[in-house]
Amino acid sequence: MGARLDTITLKDPTRFEDPFKMNYNKYVKTQYERVRLHETVSGPHKDPRNDRDLDPEYRKYAIPMAAISHYGEYSASVYCQKAAHLSPFRAFREACLFQAMDELRHSQMDWGRLKDLGVKDSYEVGKIWRSEGYCAVKDAFDWIVGLEDAFQIIFTANFVIEGAGAVSYFPNMVKLAEQNGDHIFSVINWTRFQDEVRHVAFARAMVKAIVEDDERNVKILEQWQEAAFENLGPGIGQVMGYQDLVPEPYLTSGEWMVAALSHYAEHSMKHGLELPDLDALYEGAADLPVSYEALMTERSDASLSWWEDGTPGAGALDQPSHKGAMRESEALEGVNHGGEH
Numbered sequence: 133m134g135a136r137l138d139t140i141t142l143k144d145p146t147r148f149e150d151p152f153k154m155n156y157n158k159y160v161k162t163q164y165e166r167v168r169l170h171e172t173v174s175g176p177h178k179d180p181r182n183d184r185d186l187d188p189e190y191r192k193y194a195i196p197m198a199a200i201s202h203y204g205e206y207s208a209s210v211y212c213q214k215a216a217h218l219s220p221f222r223a224f225r226e227a228c229l230f231q232a233m234d235e236l237r238h239s240q241m242d243w244g245r246l247k248d249l250g251v252k253d254s255y256e257v258g259k260i261w262r263s264e265g266y267c268a269v270k271d272a273f274d275w276i277v278g279l280e281d282a283f284q285i286i287f288t289a290n291f292v293i294e295g296a297g298a299v300s301y302f303p304n305m306v307k308l309a310e311q312n313g314d315h316i317f318s319v320i321n322w323t324r325f326q327d328e329v330r331h332v333a334f335a336r337a338m339v340k341a342i343v344e345d346d347e348r349n350v351k352i353l354e355q356w357q358e359a360a361f362e363n364l365g366p367g368i369g370q371v372m373g374y375q376d377l378v379p380e381p382y383l384t385s386g387e388w389m390v391a392a393l394s395h396y397a398e399h400s401m402k403h404g405l406e407l408p409d410l411d412a413l414y415e416g417a418a419d420l421p422v423s424y425e426a427l428m429t430e431r432s433d434a435s436l437s438w439w440e441d442g443t444p445g446a447g448a449l450d451q452p453s454h455k456g457a458m459r460e461s462e463a464l465e466g467v468n469h470g471g472e473h
């Protein structure tokens with residue numbers, strides 16, 4: 133969908149309310165407890181010798197799975213900051229900033245796992261991102277980063293992707309990693325999922341406010357929904373396909389996809405959104421390569437990642453933050469610290 137889509141103006145911003153009523157003090161306390169729990173649970177498995185016991189066939193896919201999670205999470209940290217910058221009012225901006233911090237922390241967990249598995253630098257991971265095997269996934273996240281409307285960014289990323297894929301993908305990844313003996317990646321995905329639930333609730337609160345503000349907005353949301361499935365659907369289908377290739381799959385990729393779409397449909401219809409013709413939107417997705425060989429083959433027309441600045445390997449993985457992303461202290465300037473606004 134190349135045409136510029138309609139935008140939405142929330143005439144009454146007070147309709148939107150963060151369902152978790154998050155403020156800075158509450159956020160820091162919540163994340164401190166979560167990190168402490170993560171370290172407690174994952175600590176016993178941190179001995180490098182544990183990874184030597186991983187099935188070599190599983191290990192072939194463990195690095196690419198962590199690599200694409202990292203790409204998605206780091207991209208999310210940037211598009212959430214972008215949504216905050218474009219946000220029309222304070223409550224929405226703060227919700228975007230809290231999520232941006234979540235996403236950056238998630239990307240750091242993934243990068244730590246990649247280091248555990250022997251990845252030496254970002255160039256090695258960048259080749260996976262630009263591979264035939266992940267081309268559609270990379271394109272999907274790059275497309276979200278390029279959006280220019282705060283509400284559409286959060287609708288696409290949280291309401292559609294996390295509302296469909298995340299609530300199916302990450303809980304299933306917990307079980308898939310666990311039954312393949314990858315206890316650390318299991319804990320990482322479990323930790324990440326605790327935040328994804330909040331992100332989905334944030335987006336649903338936004339959609340509720342938008343529809344209540346003007347029911348005609350449903351048609352615009354359906355435009356955004358169709359654009360999201362058209363641009364993201366092939367990537368979601370491609371990444372799900374790798375779950376079939378590990379030595380001990382947890383459900384089939386088809387079962388993962390059905391669960392994701394069913395969950396999404398249940399909640400989108402509550403707000404009056406009709407699903408688009410998914411068969412038409414996914415046309416050609418089945419032809420996307422899903423194999424280890426495809427992951428090792430760099431796509432001839434692959435562009436560099438949006439943050440690489442023309443140099444393969446430069447950017448987020450070896451630096452504290454993307455040059456265009458705000459530091460945490462800058463992002464939190466003016467954010468509610470728990471007192472009155």
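As numbered in the working numbering, residues 133 to 473 make up the sequence shown, in order.
Note that beta-carbon positions come from the ideal geometry of N, C-alpha and C, so glycine has one too.
Since we're looking at a predicted model, the values are computed, not measured.
- Residue 149 sits in coil when the DSSP states are folded into three classes, being neither helix nor strand.
- Cβ neighbours of residue 195 within its own chain (closer than 6 Å, five residues either side excluded): 249.
- Inclusion of residue 201 and residue 431 in the CB contact set at 8 Å is not warranted, their separation being larger than that value.
- Boundaries of the alpha helix (DSSP H) around residue 363: 349 to 373.
- The C-beta of residue 372 has 16 or more other C-beta atoms within 10 Å across all chains shown, which makes the residue buried.
- Take the alpha-carbon of residue 364 and the one of residue 269: they are about 8 Å apart.
- Counting along the chain, residue 211 sits inside the alpha helix (DSSP H) bounded by residues 188 to 218.
- A check of alpha carbon separations from residue 286 across 211, 374 and 235 identifies 211 as the nearest.
- Following the DSSP letters along the chain, one finds residue 225 inside the alpha helix (DSSP H) bounded by residues 222 to 248.
- For residue 263, the pairing in a beta bridge is given by DSSP as 430.
- Ranked by Cα distance from residue 188, the first of 247, 367, 378 and 421 is 378.
- One Cα belongs to residue 185, the other to residue 345, and the distance between them is close to 56 Å.
- Under the Cβ criterion (8 Å, minimum of three pairs), the stretch 282 to 297 counts as touching the stretch 333 to 343.
- By the neighbour-count criterion, in which 16 or more other beta carbons inside 10 Å mark a residue as buried, residue 217 falls on the exposed side.
- The C-alpha of residue 266 is placed about 26 Å away from the C-alpha of residue 281.
- Remark: three or more beta-carbon pairs, one from each stretch, lie closer than 8 Å, so the stretch 380 to 399 and the stretch 294 to 312 are flagged as touching.
- Within the stretch 315 to 347, the complete alpha helix (DSSP H) segments at least 4 residues long are 315 to 345, listed from N- to C-terminus.
- Closest option to residue 435, judged by alpha-carbon separation, among 308, 258 and 296: 258.
- Here DSSP, grouped into helix, strand and coil, assigns residue 307 to helix.
- Put simply, of 140, 260 and 274 the residue whose alpha carbon is nearest the alpha carbon of residue 425 is 260.
- Annotated as proximal: residue 142 and residue 341, with beta-carbon spacing under 8 Å.
- With 16 or more other CB atoms across the displayed protein chains lying within 10 angstroms of its CB, residue 318 is buried.
- Judged by DSSP in its simplified three-state form, residue 297 adopts helix.
- For residue 386, the uninterrupted alpha helix (DSSP H) segment begins and ends at 385 to 400.
- For residue 283, the enclosing alpha helix (DSSP H) covers residues 282 to 286.
- Going by beta carbons, residue 406 and residue 354 fall inside the 8 Å limit.
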